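J.:
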Amino acid sequence: MTEHDADHLHHLLMDVVRTAEFALMDEVVPGRAMSMSQLFALHELDHRAGMSQRELGERLVLEKSSVSRLVADLESEGLLTRERDPANRRLYRLEITAAGRRVHRNAAAVLHERYQGWAAGMTAAEREGLAAGLPALLRVMRAER
Numbered sequence: 001m002t003e004h005d006a007d008h009l010h011h012l013l014m015d016v017v018r019t020a021e022f023a024l025m026d027e028v029v030p031g032r033a034m035s036m037s038q039l040f041a042l043h044e045l046d047h048r049a050g051m052s053q054r055e056l057g058e059r060l061v062l063e064k065s066s067v068s069r070l071v072a073d074l075e076s077e078g079l080l081t082r083e084r085d086p087a088n089r090r091l092y093r094l095e096i097t098a099a100g101r102r103v104h105r106n107a108a109a110v111l112h113e114r115y116q117g118w119a120a121g122m123t124a125a126e127r128e129g130l131a132a133g134l135p136a137l138l139r140v141m142r143a144e145r
């Protein structure tokens, strides 16, 4: 890869991340400002009950203090509950509430609709290239972690 190619890819990826943050989060949850981390947390908790804060942090690749703040915010909004683990009082077990599950599933439906619209705006060759290139990029990125 040439320096020019690497620079071009860098700018494209930065633009994708910046654009996605605004395009994805705009009106995903009407009347509620939600971050991507909050939606990812609700997604994890909707699919895996009883996760600890540490496990959630590992899944989201967040620092302990960030997870504590994230959980406290979601708890104050009534989207999850946290209880001390009776077997290990140092751990909190997290459970998504019915309201949290509704928020997650409604947001997921809105996002899925957006993804479909974006894909429909691409040619078949562009969709195939993206479908081949993104898994390769993720593989390389995860190998570096």
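Counting from 1, one number per residue, gives the positions in the sequence shown under the UniProt record's numbering. We put the CB at the ideal spot given by N, CA and C, even for glycine. Only a predicted model underlies this, so the values are computations on that prediction, with no experimental measurement involved.
State the DSSP-derived secondary structure class of S35, mapped to helix, strand or coil.
T.: Residue numbering aside, residue 35 sits at position 35 when the sequence shown is read from its first letter. It is coil, neither helix nor strand.
J.: Does the Cβ-Cβ distance between V17 and A107 come in under 8 Å?
T.: The residue given as residue 17 occupies position 17 in the sequence shown. The residue given as residue 107 occupies position 107 in the sequence shown. Going by C-beta atoms, V17 is not nearer than 8 Å to A107.
J.: I'd like to check one pair, R90 with R82: are the Cβ atoms closer than 8 Å?
T.: To locate residue 82, count along the sequence shown from 1; it is residue 82. To locate residue 90, count along the sequence shown from 1; it is residue 90. For R82 and R90, no; Cβs fall outside 8 Å.
J.: So what's T19 in DSSP terms, helix, strand or just coil?
T.: Translated into positions along the sequence shown, residue 19 becomes position 19. Three-state DSSP puts T19 in a helix.
J.: What are the boundary residues of the beta strand (DSSP E) that includes R145?
T.: The sequence position of residue 145 within the sequence shown is 145, counting from 1. No beta strand (DSSP E) contains R145, which DSSP labels as neither H nor E.
J.: Quick check: the region 113–131 against the region 45–54, are at least 3 beta-carbon pairs closer than 8 Å?
T.: The region 45–54 vs the region 113–131: no contact.
J.: Beta carbon of L56, beta carbon of V103: below 8 Å?
T.: Counted from its first residue, the sequence shown places residue 56 at position 56. Counted from its first residue, the sequence shown places residue 103 at position 103. Not in contact: L56 and V103 (Cβ atoms no closer than 8 Å).
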